[in-house]
Amino acid sequence: MNNQQIAQIFYEIAEILEMQDVKFKPFAYRKAAQSIEALTRDIKEIYKEGKLRDIPGVGESISKKIEELIKTGKLKAYEKLKKKMPVNLQELGSIQGMGPKTIKKLYQKLKIKNLKELERAAKLGKIRKLEGLGEKREEEILENIGFKKKTGKRFLLGLILPEAEAIKNALNQLKEVKKIELTGSLRRMKETIGDVDILAVSADPGKTMDFFAKMNDVEKVLVKGLTKSSIRLRSGINADIRLVPLNSFGSALQYMTGNKSHNIKLRNIAKDKGLKLSEYGIFKGNKQVSGKTEEEVYRKLGLRYIEPELREDTGEIDAAKKNKLPDLINYNDVKGDLQMHTNYSDGNNTVLEMAQYAKKIGHKFIAITDHAGNLKIAGGMTAREITAQGKEINKIKSIKVFHGIEANIQKNGAIDVPDNILKDIDVVIAAIHSGFKQDKTTITNRLLTAMDNKHVNIIAHPTGRLLLKRKGYEFDLQKVFDKARERGIALEINAFPDRLDLDSDKVRLAVENKVKLSIGTDAHSKEQLDFYRLGIAVARRGWANKNDIINAYSIDKLEKFLKR
DNA sequence: GCCGTTTTCGGCCCGACTGTTTTCAGTCG
């Protein structure tokens, strides 16, 4: 039973209780499930320490249920509920428009238990005959099943951000649009995005909504009103827009940026102060006392301004109250990029082209880190090629270029490039590229052995995960942190859109452990150097300040770090 | 079921849109 599985059971309990019209309990179970999901430690450890009730939303009853789950792997209360409602909630609930009440009705009237049965019933026209449902709902269900089958539910931040920014810019061209921002998980720079949320102020809502619904990329209009509209883009992602009065822009921006539990906490703070917070502002009775800017909203609630990337309800509100928010690294603090590839291995551009583009986007330095050693598929360089590349790098004067390589950590932890080559390399990146299926202890030792190599500077994409594809291997994080700190090795925040590895939770732990981090785009073409801001976003979401990130160092300081 | 610098009992975030309704329930964010 891991954290996610336990959380899932509580989500399902919430759902079933909601079907039974039980008041308030669903909210409590959902809250507990969210907290458990957000834990950065194994809940079993917390249980062993007897500290389950320190988890927000976990009280007497839920802590006992967690104990039962850990001890027996089962939960009697859950199984009892499940008997009354033996349906695949996760599956049915993942279809847009299917909430607890509809699921319940469909089970009671048509015995629908899963997606397959739902699809069959819809195709046979059985759903439209039920009271409270109709033809349109039936069509909607069928369509959403089709949508679910076609795409996964989430999209990579790095791929959606440019598309969303293009939409924002197009809308911003309209003269009646006075203000516009991307909001939601995009603004929080979450690694994957469920949909695109846009907030705007418009002097002509009708015209703005018409434009929004008729843009080139629109596949289907889902909802269209004067304050709120929703479309599906050809790329498969949904985009929502909300129009509000200028006086409410700040509170609406706050509200739409979320996340949900961050917002709920803020509303509770407002309430404790005798105020009411909604997307339209902060109200005292009927009088609006705040809402034009986000800064003002936080101030009115007695909080320091909280950067969007931190708004995940993981301690930031408390920190804002106590004036203990981190001094986050800024997007312009990063002065260079510490992982990229050229045509010496599997990249598309030359050393010079990479350097020129890096200069253009404002970098002061880069490290060229082509594959070396025995990774043949990625065109690992030979000793002779490494020397030739070094000469080419030395010719570049417009920007500081470090000569690096990306070497492989072999199954026994050895680096597959000999020391006599490594000793002349400025930046040695080591990474695991094979043997992902080894057990936790083996991988841990492998990483620790690699970090004992006296030339290694950076461990790249430390967990090996690929977003929406591969989970990544497990290892003892604490041991690797300790070794990195002792040995003066940085752990990478790989900024390639489907990696973002380390992730922000692990970055936060690394920062707490005083481990240095490096940002590398892993660019294989010059345009991909733009991904560096995704890496900064991960750092910010991990509460890092600029001293934690070696890319924010001056060149002198960075050179010292690299010489260890 | 959880929780408390106004509470150990009495509250629990708030509003828009749609479909199937003739006054509103359900879903979503």
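Numbering (this note's numbering), first residue to last: 473 to 1036. Glycine included, C-beta positions come from ideal geometry on N, C-alpha and C. No experiment lies behind these values; they were computed from the predicted model shown.
(message) Which residue wins for smallest C-alpha separation from GLY944, given the options LYS909, ILE965, LEU920?
(response) For the purposes of this step, residue 944 is identified with residue 472 of the first sequence, where counting begins at 1. If we check each option's Cα against that of GLY944, LYS909 comes out closest.
(request) Would you check if the segment 635 to 654 and the segment 985 to 992 touch, i.e. whether three or more CB-CB distances between them fall below 8 angstroms? (result) The segment 985 to 992 vs the segment 635 to 654: no contact.
(request) With a 10 Å radius around its C-beta and 16 neighbouring C-beta atoms as the bar for buried, classify ILE849 as buried or exposed. (result) In the first sequence, residue 849 corresponds to position 377, counting from 1. Because ILE849 carries a pLDDT of 49, less than 50, the predicted location of this residue cannot be relied on, and the following value inherits that uncertainty. ILE849 is exposed by the Cβ-count criterion.
(request) Assign VAL649 to one of two classes, buried (16 or more other C-beta atoms within 10 Å of its C-beta) or exposed (fewer than that). (result) The count along the first sequence starts at 1 and reaches residue 649 at position 177. Buried.
(message) Using a Cβ distance threshold of 8 angstroms, determine whether the segment 537 to 556 contacts the segment 597 to 604, with at least three qualifying pairs required.
(response) Not touching, per the Cβ criterion.
(message) Please classify ASP669 as buried or exposed, where buried requires at least 16 neighbouring CB atoms within 10 angstroms.
(response) Residue mapping note: residue 669 aligns to position 197 of the first sequence, counting from 1. Counting C-beta atoms within 10 angstroms of its own C-beta, ASP669 has 16 or more neighbours from the protein chains shown and is therefore classed as buried.
(request) Express the C-alpha separation of ASP911 and HIS996 in angstroms, rounding to a whole number. (result) Counting from one through the first sequence, the residue named residue 996 turns up at place 524. Counting from one through the first sequence, the residue named residue 911 turns up at place 439. Between HIS996 and ASP911, the C-alpha separation is close to 31 angstroms.
(message) Whole angstroms are fine: how far does the CA of GLY936 sit from the CA of LYS679?
(response) On the first sequence, residue 679 is found 207 positions in, with the first residue counted as 1. On the first sequence, residue 936 is found 464 positions in, with the first residue counted as 1. If I take the Cα positions, the gap works out to 47 angstroms.
(request) Indicate the three-state DSSP secondary structure (helix, strand or coil) for ASN925 in the structure shown. (result) Taking the first residue of the first sequence as position 1, residue 925 is located at position 453. Coil at ASN925, not helix or strand.
(request) Ignore the nearest five residues each way along the sequence and tell me which others in ILE1027's own chain have a CB closer than 6 angstroms to its CB. (result) If you number the first sequence from 1, residue 1027 lands on position 555. Setting aside the 5 residues that flank it on each side, ILE1027 is surrounded in the same chain by PHE837, LYS872, each with a C-beta closer than 6 angstroms to its C-beta; the list follows chain order.
(message) Using the three-state DSSP reduction, which class does HIS933 fall into: helix, strand or coil?
(response) Locating residue 933 in the first sequence gives position 461, where the first residue counts as 1. It is coil, neither helix nor strand.
(message) According to DSSP, ILE617 sits in a beta bridge with which residue or residues?
(response) The count along the first sequence starts at 1 and reaches residue 617 at position 145. ILE617 is not bridged to any residue.
(request) Express the C-alpha separation of ASN815 and ILE665 in angstroms, rounding to a whole number. (result) Taking the first sequence and counting its residues from 1, one reaches residue 665 at position 193. Taking the first sequence and counting its residues from 1, one reaches residue 815 at position 343. Straight-line Cα distance between these residues: approximately 32 angstroms.
(message) Three or more C-beta pairs under 8 angstroms: does that hold for the segment 720 to 739 against the segment 687 to 703?
(response) As far as the Cβ criterion goes, the segment 720 to 739 does not touch the segment 687 to 703, which means the pair count is below three.
(message) Quick check on the DSSP output: what are the complete alpha helix (DSSP H) runs of length 4 or more inside the segment 599 to 674, in order along the chain?
(response) Fully enclosed alpha helix (DSSP H) runs of 4 or longer: 607 to 622, 629 to 644, 656 to 659.
(request) Out of THR574, ASP954, ILE575, LYS621, state which residue places its alpha-carbon closest to the alpha-carbon of ALA982. (result) Start at 1 with the first residue of the first sequence, and residue 982 comes out as number 510. Answer by Cα proximity: ASP954.
(request) May I ask you to list the residues that DSSP assigns as paired with GLN1044? (result) Past the boundaries of the shown model lies residue 1044; the chain is included only from 473 to 1036, so the question cannot be answered.
(request) Just confirm the distance between the C-beta atoms of VAL673 and LEU718, as a whole number of angstroms; I'd bet it's less than 8 angstroms. (result) Mapped onto the first sequence, residue 673 falls at position 201. Mapped onto the first sequence, residue 718 falls at position 246. VAL673 to LEU718, Cβ: 5 angstroms. Contact.
(message) So if DSSP puts THR841 in a beta bridge, which residue, or which two residues, is it bridged to?
(response) Here residue 841 refers to the residue found at position 369 of the first sequence. When DSSP reads this structure, THR841 sits in a beta bridge with GLY876.
(message) Between which two residues does the alpha helix (DSSP H) holding ARG1005 run?
(response) Mapped onto the first sequence, residue 1005 falls at position 533. In this chain, the alpha helix (DSSP H) harbouring ARG1005 covers 1004 to 1013.
(message) So the candidates are LEU1030, GLN828, ALA724, ASP975; which of them puts its Cα closest to the Cα of GLU751?
(response) Translated into positions along the first sequence, residue 751 becomes position 279. Residue ALA724 is the option with its Cα nearest to GLU751.
(request) Pick out whichever of GLU781, LYS1018, PHE619 has its Cα sitting closest to the Cα of LYS807. (result) Here residue 807 corresponds to residue number 335 of the first sequence, with the count starting at 1. The candidate whose alpha carbon is nearest that of LYS807 is LYS1018.
(message) Taking DSSP's pairing of strands, which residues face LEU894 in a bridge?
(response) The count along the first sequence starts at 1 and reaches residue 894 at position 422. Answer by DSSP bridge pairing: none, since LEU894 is not bridged.
(request) Give the single residue among GLU635, GLU768, ALA504 whose Cα lies nearest to the Cα of SER416. (result) Any answer about residue 416 is impossible in this case: the structure gives the chain only from 473 up to 1036.
(message) Does the contact criterion of 3 or more C-beta pairs under 8 angstroms hold for the segment 953 to 970 versus the segment 829 to 845?
(response) Short answer: they don't touch.
(request) Label ILE833 either buried or exposed according to how many other C-beta atoms from any shown protein chain fall within 10 Å of its C-beta, with 16 as the threshold for buried. (result) For the purposes of this step, residue 833 is taken as the residue at position 361 of the first sequence. Per the 10 Å Cβ criterion, exposed.
(request) Give the DSSP-derived three-state secondary structure of GLU964 in the structure shown. (result) For the purposes of this step, residue 964 is taken as residue 492 along the first sequence, with counting starting at 1. Three-state DSSP puts GLU964 in a strand.
(message) Taking the beta carbon of VAL952 as the centre, do at least 16 other beta carbons fall within 10 Å, making it buried, or is it exposed?
(response) On the first sequence, position 480 is the one that residue 952 refers to. With 16 or more other Cβ atoms within 10 Å, it is buried.
(request) Using the Cα positions of ILE613 and GLY606, report the straight-line distance between them to the nearest angstrom. (result) Here the question's residue 613 lines up with position 141 in the first sequence. Here the question's residue 606 lines up with position 134 in the first sequence. Cα to Cα, the separation comes out at about 11 angstroms.
(request) Determine the burial state of PRO558: buried for a count of at least 16 other Cβ atoms within 10 Å of its Cβ, exposed for fewer. (result) Position 86 of the first sequence holds residue 558. Looking at its Cβ environment, which holds fewer than 16 other Cβ atoms inside 10 Å, PRO558 is exposed.
(request) Using the DSSP secondary-structure output, state which residues sit across from ARG714 in a beta bridge. (result) For this step, residue 714 is matched to residue 242 along the first sequence. Answer by DSSP bridge pairing, in chain order: LEU671, LYS700.
(request) May I ask you to list the residues that DSSP assigns as paired with ASN1017? (result) On the first sequence, position 545 is the one that residue 1017 refers to. According to DSSP, which records beta bridges pairwise, ASN1017 is partnered with LEU800.
(request) Count the other C-beta atoms from every protein chain shown that fall within 10 angstroms of the C-beta of TYR777, then say buried if there are 16 or more, exposed otherwise. (result) Within the first sequence, the letter at position 305 stands for residue 777. Burial call: exposed.
(request) Report the option in GLY753, GLU984, ASN740 whose CA atom is closest to the CA atom of SER720. (result) Residue numbering aside, residue 720 sits at position 248 when the first sequence is read from its first letter. Among GLY753, GLU984, ASN740, the Cα nearest to that of SER720 is on GLY753.
(request) Reducing DSSP to helix, strand and coil, say where LEU561 ends up. (result) Mapped onto the first sequence, residue 561 falls at position 89. Here LEU561 sits in helix by DSSP.
(request) Using alpha carbons as the reference points, say which of ILE534, THR913, ILE893, ILE915 lies closest to LYS926. (result) Residue mapping note: residue 926 aligns to position 454 of the first sequence, counting from 1. Measuring C-alpha to C-alpha distances from LYS926 to each of ILE534, THR913, ILE893, ILE915 identifies ILE893 as the nearest.
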